[in-house]
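Top line first, the protein sequences correspond to chains C and Y.
Using the numbering used here, read the first sequence as starting at 3 and increasing by one per residue.
Using the numbering used here, read the second sequence as starting at 45 and increasing by one per residue.
Here is the structure we will look at, set down as structure tokens.
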Amino acid sequence: MLLRYPIKFLDSYDREDRDLFFGRDSEIESLYEMVFQTDLLLIYGASGTGKTSLIQCGLGNKFASHDWMPISIRRGDNLNDSFERALIMNGGEIAEVEEDLSWLDDDFTGDGDISLVTTQLSPLARQLKAVYLKHFKPIYLIFDQFEELYILGDTAEQETFIDTVKEILKVEQPVKLIISIREEYLGYLYEFERAVPELLRKKLRVEPMNLEKVKTVVKRVGSLPTGNISLQTGEEDELAEQIFEKIRGEEKTLNIQLPYLQVFLDKLYLHISGDEQRRAEATFNLSALQEIGAIDDVLRDFLDEQVLQIARQQRRPAEEVWAVLSPFVTLEGTKEPLSAQHLATRTTDIGVARIETYLQALVRRRILRFRENEELYEIAHDSLAKQINAKRSDEEIARLEVRRLIKSQTALNADAREYFSEKQLDFVTPYLPSMDLSEEEVTYLQSSRKAIVSKNRYYKRVTRAVTVLGIVIIGALSVLTFWALHQQHQAKEALYDLARQQKVNAAQSLLEHANSYYDLKKMDAARRTYDAALESLSDYPDDELYRDIKIKKARIK
Amino acid sequence: MKNKTALLTATNDDSLTFSIDGEVQEIRHQLSELKDLLANKEIQSVQYAEKIYNIEHIDEANFGFITGKKAFNEALTKALLEVMQTQCLPAQKFMERVQTIPNWESQLRISNKAKEIIAYSFVGVLGIQLSKLMAIGKEDFSESKQTKYISKCLDIAAYALALLNFALLSALWDHQQKSSLELDEVSLGLIEKRFEHTFEHSLEERFKLLCALYQLFSQHNISWPLEELSGLADQMRSDSELAQNCRTFSEINDRLDKAQYTLLDCYEAEQQLAQLLAHLVFLVKYQMASIKQIGYRQVRNEAPHYLHRYAALGIDSKANVDAEKVHYTPDTIFTDAVLLFKGEDYQHSINLFPFVIDYNALTFEHGAKICFFNARHLEDQSLEYLFLEDRSIIHLEASGSLHDATNYNELMIDDEKRKILNLDVAVAAFAEAKSTIVQEINFDDL
């Protein structure tokens, strides 16, 4: 009998892997229970907890084949388009009906004549009905890696999808939705939940692998009757514990990620058997485990090693392999599926032929996975995506930011777009020659430039007009100020004249009074009166009267 | 004579290819040509898909089925639509449309519509089970397809008889509470066995119980829970077609258990199911619903009103909160009831609880989890309920929350305690149903 290699390597488990999917019994039972309690189920958990495997393998195997019609949908370029394609692939194509069979679309439930209810169904409802009638199985729409809708999708795509879900929940056929999302993106579901409150009513958190689960996995891997791996008798528990210790390293976390365990077990197998074909039998034992030594980061080591080997084989620098991998990862360190053609536009300095070679090598080495139906390549797991993200240079990150900046605008309707500012344009311009931009993106950038030039011209015109206006205003203000000062001066002079006149009048009166003292005896009084008159005019010594009084006072002497 | 076999190696709409003693023979896809070929070669049996068929067991009806020319469910679909048309408007309209279309059951688009009508028309759980049978019939040919198909036919027949038995037991329970009818020994034995048996009832046992209950109702003029049952008098005999259906199903079941089945058994199971459901076709006029929640409202100086929240049970039932139906009415309804009713009037219905339970309603979950009482557990005599979706077993046993001094205020305030209370009520109701029906002497009352 051909023995089977019981370790999945960075791939999720599907329905055929039920013998290899261990340690998840309680979560599978919970999930299965929930399916009968709701039509919309949310599954969330950290990256690497095995959400996809739990649905495809765990839940899938709870159902008999006639009770389970799973339709898995990934976002691809647009979730709504991908969903429609998935329905069509599963029998949801609304075929043109021959005229003599058009009555099949009629509603037969009414009391009167046959009414055309079915033909009034929405295209989506008709598609779902067509899928159901083709198979007669309950349909499970599985939206896997749902966070992609928020990482890569725009608001319009998200809103359309929410409307679609609302419609699905109303169709007559047995249709259920299962949405799987990384838990750090739960907050993004706020608008979705507001529109569809059912969304968070039934949810399951998929827990990471703790020691108990790791023990179960290791023991089951080593005891599979059809498997080619066994555990050294008597060392089973210690093996599992030490594997757990090695994977969690110095961080001493209570949990580890499933892909780390998969990669580690694979590494241990290769170390013992040396068989790259993974056909030879191997017995896991403590001494072999010790030889592997401490592993701080198995995935990083694995990735470095694979990239280096590919580079050596191709006699190219390792940086070139990293450059091919980089576009498959978003700035947040998540997966971004790409077609080979799309990748070529993102790595223009590497030839198409060489890109194809790299893609094949990366698929063979299980770093990339090829999704045949959509003809898309993607990183085998988010954990690898994180490692690739960490490897990026500042230059690469800047290039991705530039791409995102451009995409974020061109993804919007033309009416909703905002042109780049001069500062943004200065930032993106150096990176543009190495980017293969779409016609729409080029047009957008040209429009941005034109908008800036036009804006600058406008600013110049406005500045000139403002300057002239300023001069005019300053001139007017100067005239007004001069006039005001003049008026103020005149007023002051008038006041001065008035005060002087009052003093002169007073002095005049005193002079007349002093002149009346003809008696010599009264000369002192006359002198004092002259002094008082002089005192009154002391501020105006140039006045004629002042001089007259002085002369008259001198005559008295 | 040497025991030779003709090996059927290829089949298509026009021809059949055989290998006989290493020699390849191709004939037209007709039974008469096959019989001629076998006669010429002095061969009695044909081997196909690792199964051997005696030529004497092959007739025009099952020939196409064996060679793959006739698909699974074609015969059933046609037979059911023909009998349904007198009872069900969609079937009537459909049959009017296809009366001029020969072999409509073989045309995929038309037969899909017919299957849809069957699945949506037959009462609640039976409609769902029939849709599963249709799904199995559409799967690619395989060994497991054959076993699943036969098993599902058996299940549907068993559930149909169980549904009738539970409806009759429920009505008898109501009757016994008022009139204390003394049961004859045969009926008493069969009824007690139904309550106490530790193995799932066979189809024949279900039929015997149905006959006994039928006799009780007709002899004592007890009101029929389903009025159409009164018209089944001819079938309630051991030599009736219905009785024969049950016997044939048992034989098929034996062959299934011994892995001695062939494609002919799939065809036979389909035929038997079509005949059995033809007798019970009145079930298309009935619906099922599960009462999920009851609210109470009484405004000052006005009569009290109740808000019934219930889930319709059937192929189109939904598990959303929004999909539950509501009815604001001055009439009361039983809590935790699973109802069987004609037309739309669920308030004049048969309450199948505790013989049929909605486990999700008892545990305050949305969506329906409809379970039929199956048997008592062999060791602890707890109640075993069969979840019809996957035939998994749910055990119910009394937790002790119900006793003379039960503090309902304390139980009602905590949802977890209320769930336990609900499940205890189901167990208690089951015991009470039995003691009332069979008129057990309660020594506490002496």
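By construction, the Cβ of each residue, glycine as well, lies at the ideal position given by its N, Cα and C atoms.
Nothing here was measured: the structure is a model prediction, and the numbers come from that model.
Scanning the region 382-430 of chain Y for uninterrupted beta strand (DSSP E) segments of 3 residues or longer gives 382-386, 400-402, 414-420, listed from N- to C-terminal end. Counting only Cβ-Cβ distances below 7 Å, LYS139 (chain C) has contacts in chain Y at ALA179, in chain order.
Shown in chain order are the members of the region 410-439 of chain Y whose Cβ falls below 8 Å from a Cβ of chain C: HIS410, GLY411, ALA412, LYS413, GLU433, ASP434. One Cα belongs to LYS329 (chain Y), the other to GLY387 (chain Y), and the distance between them is close to 6 Å. Chain-ordered, the chain C residues with CB closer than 7 Å to the CB of LYS159 (chain Y) read PHE138. HIS352 (chain Y): member of the beta strand (DSSP E) spanning 349-357, first to last residue.
With a 10 Å radius around the Cβ and a threshold of 16 neighbouring Cβ atoms, HIS371 (chain Y) comes out exposed.
Check the Cα spacing between GLU243 (chain C) and each of C:LEU213, C:HIS137, C:THR347: the tightest is with C:LEU213.
The DSSP-derived three-state label of SER188 (chain Y) is helix.
Leaving aside the five residues that flank GLN173 (chain Y) on each side, the residues in its chain whose CB is nearer than 8 Å to its CB run, in chain order, LYS196, ASP199, ILE200, TYR203, LEU432.
ASN375 (chain C): not part of any alpha helix (DSSP H); DSSP gives it neither H nor E. With distances taken between CA atoms, ARG184 (chain C) lies nearest to C:LYS337 out of C:GLN426, C:ALA197, C:LYS337. Contact holds between the region 141-156 of chain Y and the region 115-127 of chain Y, because three or more Cβ pairs, one in each stretch, are under 8 Å apart. Here DSSP, grouped into helix, strand and coil, assigns ARG341 (chain Y) to strand.
Sequence-distant partners of ASP13 (chain C) (beyond 5 residues in either direction) whose C-beta falls short of 8 Å from its own C-beta, in its chain, are ARG368, ARG371, ALA382. The beta carbon of ASP21 (chain C) sits no closer than 8 Å to any beta carbon of chain Y. In this structure, DSSP gives ALA93 (chain Y) a state outside helix and strand, which the three-state scheme calls coil. Each of Y:ALA50, Y:TYR92, Y:LEU455 was checked against the Cα of LYS79 (chain Y), and the nearest Cα belongs to Y:ALA50. Shown here for SER231 (chain Y): same chain residues with a beta carbon closer than 6 Å to its own, the five before and five after excluded, namely ALA256, LEU260 in chain order. For the beta strand (DSSP E) assignment, the region 400-456 of chain C encloses no uninterrupted run of at least 3 residues. About 5 Å separates the beta carbons of GLU195 (chain C) and LEU201 (chain C), which is inside the 8 Å limit, making them a contact pair. Nearest C-alpha to VAL173 (chain C) among Y:LEU124, Y:SER361, Y:THR306, Y:ASP184: Y:SER361. Shown in chain order are the members of the region 27-51 of chain C whose Cβ falls below 8 Å from a Cβ of chain Y: PHE38, GLN39, THR40, ASP41, LEU42. If you check each beta-carbon in the region 66-91 of chain C against every beta-carbon of chain Y, the ones closer than 9 Å belong to ALA66, SER67, HIS68, ASP69, MET71. Against LEU103 (chain C), the close residues of chain Y are ARG153, ILE154, in the order they occur along the chain (beta-carbon pairs closer than 8 Å). Spatial neighbours of PHE378 (chain Y) in its own chain (CB-CB distance under 6 Å, excluding positions within 5 residues in sequence) are listed in chain order as ASN395. Residue state for ASN98 (chain Y) is assigned as strand, using DSSP reduced to three classes. Counting only runs that start and end inside the region 446-471 of chain Y, there is no beta strand (DSSP E) element of at least 3 residues. Under the Cβ distance rule, PHE110 (chain C) counts among the residues neighbouring chain Y, one pair being separated by less than 8 Å. Excluding sequence positions up to five before and after MET36 (chain C), its CB lies within less than 7 Å of the CB of LEU43, LYS204, LEU206, all in the same chain and listed in chain order.
For LEU135 (chain C), the neighbours in chain Y by C-beta distance under 9 Å run, in chain order, ARG153, ASN156, LYS157, LYS159, GLU160. Residue environment for PRO435 (chain C): exposed (fewer than 16 other C-beta atoms within 10 angstroms of its C-beta). Secondary structure note for ILE551 (chain C): it is in no beta strand (DSSP E), and the uninterrupted alpha helix (DSSP H) holding it is 546-558.
The beta carbon of GLU104 (chain Y) sits closer than 7 Å to those of LEU75, all from its chain and outside the five residues before and after it, given in chain order. Residues of the region 168-192 of chain C with a Cβ closer than 7 Å to any Cβ of chain Y, in chain order: LEU171, GLU174, PRO176.
Straight through space, the alpha carbons of ALA342 (chain C) and ILE73 (chain C) are spaced by roughly 25 Å.
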